[in-house]
Amino acid sequence: MSCQVTIFSPSCLDINCRRAASAAYQENVGRHGLFPHGIDVLTAADFQSVGPRTHAYLVVAPTVASYPEYTRPLLDHLVTLKLEHWDCAIRDLAARALSKLTDKIPEYVVTEVLPKLVKKTESIDLNVRHGAILGIGEAIYALSQADLRDGRKGDTLVDEELWARVRGLVGELRSRQLLRGLGGELMRQAACHCLAKLALARTPVHKEDTVDEWLNLIEECLSHEVQAIREKAIEALPHVFDQYLKDDNLLYGDVTAKQKRMQLVKKYCSQLGNTGVNGQFLRMGYARALGALPKFVLAEQMQLVIQSLIDCTKVTEVTLTWAEARRDAVVGLTEVCQTLGLGSGLDARGRDEDGAVECLSEYTVDMRGDIGAWVREASMTGLLSLCRQCAADAPQLNDAAAVRSVACGVAQQAVEKIDRTRAHAGRIFTALIYNDPPIANIPHHEALKRIFPCEEVEVRRSDEPETASESSAVVLWLFPGHTMPRFVQLLAFPAYRYHVLKGLVVSAGELTESLVKHTTQSLFSYLNTLHEDRQTMESICATITQVFADNLHVKRITGPMFNFLDRLLSSGSISPILEDSESTFALDILKYLQLELRGGKNIYKLLDSINVLCQLIQVGGVVMSRSLGQLMIYVCYADRYVRRCAAARLYEALTLYGDQCALEQEALDQVMTILAETDWEKDINELRPIRNEICDLMGIKRPVMKSKAQAS
């Protein structure tokens, strides 16, 4: 009875059953005192300990199994019931628990458990086969780690017949066509996991056909559309290379292990350029596989591997929507750099970093949204890893230009529109600032520490779990109200100004209310503090103009740019610049706005430009005249909705800025009356005389149709 109660305590599926078994055991120990090792077992398997399922299987069960009376019953229970459970997660846990129990009685596992599991791989029940294959891998690996009394390892007890059955598992599954269909997906995961464990256990392989068979399965799984299968294959591949292809003198048919390694690496690199039907999944799998390979493999063809991964990160017409493949290429590139270390040379390190920085400009959009964000996030993680590696091993490699491009690129991402990406960038940015050892050549490093005090940011090393703090002083990176006021202060530093403004333009010009609110409040509040610092304000305005000029006809920037300019011009935060007759800011904005609109017929862009033109009326002079001239074109535009909106916005603008038009009050009143009383949805031929009358009253040139102008 003690064995039955003890078995249920750590291994039952339901938490209430586990706790009930623990309570029953406690009751019997307390009342009768007859259960073997009752107090010790009860201490390990108390009411709280058996609550978390993983803890119950991987901690409580091995502790209980350390007492001989309970070892075999627990093992038998795992093999007979839990490895056949209908829940895949339970089968996985049971296999891991089996690994932890194997060293208690390795002889029993070899003579009784392994033959049972091998026999179960022939079952027609998918759950039984899956659990058996997982169990075989875990048991053999545990045997290879278990010490016998005579000093040998536990796997020496396995006879050749059993080894042959284990080595032939993949071929057996393939011959019975059990790797196909939905059931085949589970079989592939289990088989790859088993191969990883067999390689770790240094399973003896006497024929090159076996290794080829294993590699063929892994390569098939690397191109599978199911991510979990690819992950298992990526996990298994380096172990197979490390165990069976490391000895250069080992022969595989007509080639040595070294030649075979080089052939395989070339094959994997060639798959990174695949553009076929299954090209995306091939790229995803093989990019990660290259990143997982051992150092001795990568070092032989370092240049080929790095260049192939960098090429895979490039956007082409065929691979435009394959953002996941580019993301995995960045991840693979980062892993390759970490594996090779800085001994790979300055040139390789520079190419890696340049490739990752270039990925920060990946803004591909499809029906799923901004899929380029996946690539940018992977790139930021990779850049942090590279900078940390250099800071620890070769600080001189963190040169000023490289670190500046990294810091500026991450700062831009930290103020853009996607919450997840912005939060990730914020954490990466502060990790750069507070890295230990310090990363050299970060622009304005000490000033950044004052903007982001150590006690207000959660500095997390890559090997530490991410935790959510409840402290009100800690920055909540997902909330723009916490991050924008801090990153806006980077505008004070010329090194960051262009990139931060580029990100702010996108965020402040978006339609998301909370993001726009916090972005504009932070930016305008900061600009209001610069009214006495004309030089900095002029530089910021010049940078805004430069961002506009550099991104003409770039939809991602110019769309939000119009909304941003509308809000900026109406905020009053740059009024000293607008009131300065010598400033060319407003004139430059008008010039680039007209260049952006030239030849385009995007109605939404036209409507957004109307708001900016109306705001420019407040500047007066030439800017006002040209803005009014453009608006006069819109009031007779072919689309009636554009005509109506232009007239309505112009009326509102004249109400606010009419005194800047240098018109007599009577003329201004007439213009506003005409704008208000005219039906701007009438035929254009009827509206043109009315429009011309407004032009005459305001003293601006009448618009002339292109055809008429050419005829004259």
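The opening position of the sequence shown corresponds to residue 1 in the numbering used here, with each subsequent residue numbered one higher.
Using N, Cα and C, we set each Cβ at its ideal position, and we do this for glycine too.
- Below 7 Å CB to CB, which residues in the same chain sit around L607 once its five sequence neighbours on both sides are set aside? V642 and C645
- Message: Relative to the C-alpha of C192, which candidate in H224, S514 and A164 has its C-alpha closest?
- Response: H224
- Item | Complete runs of the alpha helix (DSSP H) confined to the stretch 122-192 [at least 4 residues] | 126-145, 160-167 and 169-175
- Message: Using 8 Å as the cut-off, can you tell me whether the stretch 584-592 makes contact with the stretch 537-553, which would need three or more C-beta pairs spanning the two stretches below that distance?
- Response: yes
- Query: Who does V255 pair with in a DSSP beta bridge?
  - Reply: Y252
- Item | Reduced DSSP secondary structure (H/G/I, E/B, other) of D366 | strand
- Item | At least 3 beta-carbon pairs within less than 8 Å: the stretch 520-536 vs the stretch 567-575 | yes
- Can you tell me which of G135, D147, L656 and S627 puts its alpha carbon nearest to the alpha carbon of C695? S627
- Message: For D588, report the span of its alpha helix (DSSP H) as first-last.
- Response: F585 to L597
- Task: Identify whether Y496 lies in helix, strand or coil by the three-state DSSP scheme.
- Result: helix
- Query: What do you reckon, are the CB atoms on L309 and G332 nearer than 8 Å?
  - Reply: yes
- Query: Would you call N611 buried or exposed, if buried means 16 or more other Cβ atoms sit within 10 Å of its Cβ?
  - Reply: buried
- Query: Alpha carbon to alpha carbon, how far is R188 from Q271?
  - Reply: 21 Å
- Does the stretch 194-214 come within contact of the stretch 139-152, defined as at least 3 CB pairs closer than 8 Å? yes
- Task: Kindly give me the distance between the Cβ atoms of C408 and L397, rounded to whole angstroms, as I take these residues to be in contact under 8 Å.
- Result: Between L397 and C408 the Cβ distance is about 18 Å, and since that is not below 8 Å, they are no contact.
- Item | Residues of its chain near Q280, where Cβ-Cβ distance is below 6 Å and the 5 sequence neighbours each way are ignored | W322 and A325
- Task: Report the residue from M367, A401, R368 and Q413 whose alpha carbon sits nearest the alpha carbon of M380.
- Result: Q413
- Item | Whole-number beta carbon distance between C636 and R716, since they are thought to touch under 8 Å | Residue coverage of the chain in this structure runs from 1 to 712, which leaves residue 716 outside it and unanswerable.
- DSSP on R702, reduced to helix/strand/coil? coil
- For Y252, which residues of its own chain have a beta-carbon under 6 Å away from its beta-carbon, when the five flanking residues on both sides are left out? E208 and K260
- Message: Using a 10 Å radius around the Cβ and a threshold of 16 neighbouring Cβ atoms, would you call A447 buried or exposed?
- Response: exposed
- Residue burial classification, M698 (beta-carbon count within 10 angstroms, cutoff 16): buried
- Entirely enclosed alpha helix (DSSP H) segments - the stretch 285-344, minimum 4 residues: 295-298, 302-312 and 323-340
- Query: According to DSSP, is D533 helix, strand or coil?
  - Reply: coil
- Give me the Cβ distance between A329 and C312, rounded to the nearest whole Å; I'm assuming they're in contact under 8 Å. 4 Å
- Message: For V500 and A638, what's the separation of their Cα atoms in angstroms?
- Response: 39 Å
- Item | Rounded distance between the beta-carbons of V375 and C359, thought under 8 Å | 5 Å
- Range covered by the alpha helix (DSSP H) that runs through Y244: Q227 to Y244
- Item | Contacts around C387, its chain only, beta-carbon distance under 8 Å, and the 5 residues preceding and following it disregarded | N398, V403, V406, L432, N435 and I439
- Task: Could you name each continuous alpha helix (DSSP H) segment of 4 residues or more that falls completely within the stretch 402-450, going from the start of the chain to the end?
- Result: 419-433
- chain C beta carbons: is any one of them nearer than 8 Å to that of A236? As a matter of chain content, chain C is missing from the structure shown, which is built from one protein chain.
- Query: Buried or exposed: which applies to K701, given that a residue is buried once 16 or more other Cβ atoms fall within 10 Å of its Cβ?
  - Reply: exposed
- Message: Do G350 and V415 count as a contact pair if the criterion is CB distance below 8 Å?
- Response: no
- Task: Within the same chain, show all residues whose beta-carbon is closer than 7 Å to that of I451, passing over the 5 residues directly before and after it, in chain order.
- Result: R486 and Q489
- Euclidean distance between Cα positions of K104 and A61: 12 Å
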